[in-house]
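Working notes for the structure below.
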Amino acid sequence: MIEFTLWDILRNLLLATRWTILLSLVSFVGGGAVGLGLLFLRISKRKPFRLLAKYYIELFQGTPLLMQLFIAFFGLGLFGIDVPAWLAAGLALTLWSAAFLAEIWRGCVESVAKGQWEASASLGMGRLQQMRHVILPQALRVAIPPTVGFSVQIVKGTALTSIIGFVELSKAGTVVTNATFQPFTVYGLVALIYFALCWPLSKSSQILERKLNVAHRNH
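Quick note: the sequence shown uses full-length UniProt numbering, first residue 1, plus one each step.
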């Protein structure tokens with residue numbers, strides 16, 4: 001029987017952590033891009049666009065991420081499309097993240113005083129110009145803390161991708177446990193690594209929220 005040292009266990013977990021970080025980054029960036037598009041649809045003056053974005057958001061917020069992963073991985077297979085686990089994981093997490101980020105940002109945009117819209121409209125700005133030059137710069141200040149805070153949920157969400165065979169941190173924990181028969185040690189290290197990934201993000205969100213609120217009150 002092969003004996004595994006603590007370093008052997010930790011090394012294997014850290015190797016898998018790279019994929020957790022990469023998947024989180026892809027999901028956050030991709031979700032942000034899709035979410036920005038949803039935001040513009042959500043606040044559009046055209047009702048069909050608003051309804052389309054609304055139903056998309058309600059669908060992805062109202063169904064479990066686990067089910068979305070299953071559909072992305074197994075659902076497309078029904079049509080003869082072979083979907084790799086990493087692609088299904090990235091797609092599902094991106095679409096899921098987009099729904100939440102769009103709602104977070106919509107709340108931030110709507111927090112901008114109505115007078116800002118009216119003032120920019122009086123200058124002859126179009127809708128996109130208003131968003132780019134007046135509304136988004138103000139909404140960005142409010143949006144940063146909850147956006148950073150939501151990135152923690154994305155990191156945690158990557159753990160569910162193990163169910164479709166994507167080898168990230170939690171999946172690696174299961175594999176290493178089966179090889180070493182040391183579940184307490186392995187999952188203890190897994191928990192510590194997740195904490196090391198998520199705690200700085202949570203703390204950054206809290207610090208940014210305090211700083212931006214103070215700046216807003218002083219302003």
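No residue lacks a Cβ here, since even glycine has one placed at the ideal position from N, Cα and C.
Rounded to the nearest angstrom, what separates residue i and residue j at their Cα positions?
i    : j    : result
K211 : E110 : 21 angstroms
L69  : N178 : 24 angstroms
R132 : W117 : 12 angstroms
T180 : F40  : 51 angstroms
V214 : V175 : Residue placement at V214 is flagged as unreliable, the pLDDT there being 47, under the threshold of 50; the coordinate-derived value follows with that caveat. Each residue's Cα considered, the two are about 47 angstroms apart.
A191 : L136 : 37 angstroms
M1   : L14  : A caution first: M1 carries a pLDDT of 45, below 50, which makes its placement in the model too unreliable to give a value.
T147 : Q130 : 22 angstroms
Tell me the DSSP secondary structure of residue i in three-state form.
i    : result
R132 : helix
D8   : helix
L13  : helix
S27  : helix
E3   : coil
S111 : coil
L78  : helix
Leaving out five residues before and five after residue i in sequence, what residues of the same chain have Cβ atoms less than 6 angstroms from its Cβ?
i    : result
L197 : V155
Residues in its own chain within less than 8 angstroms of residue i by CB, not counting five upstream and five downstream?
i    : result
N218 : Low confidence applies here, because N218 scores a pLDDT of 46, under 50, leaving its location unreliable; read the following figure in that light. Excluding positions up to five away in sequence, the list is empty.
R50  : L41, R42, I43 and S44
L52  : L41
Enumerate in chain order the residues of its own chain whose CB-to-CB distance from residue i is below 7 angstroms, with the five nearest sequence positions on each side excluded.
i   : result
W86 : F166
A98 : G31, V34, G35 and L38
Hey, residue i and residue j are a contact pair by Cβ (cut 8 angstroms); roughly how many whole angstroms apart?
i    : j   : result
T158 : S24 : 6 angstroms
Taking only beta-carbon positions, decide if residue i is within less than 9 angstroms of chain D.
i   : result
L38 : Structure shown: chain D not included; a single protein chain is present.
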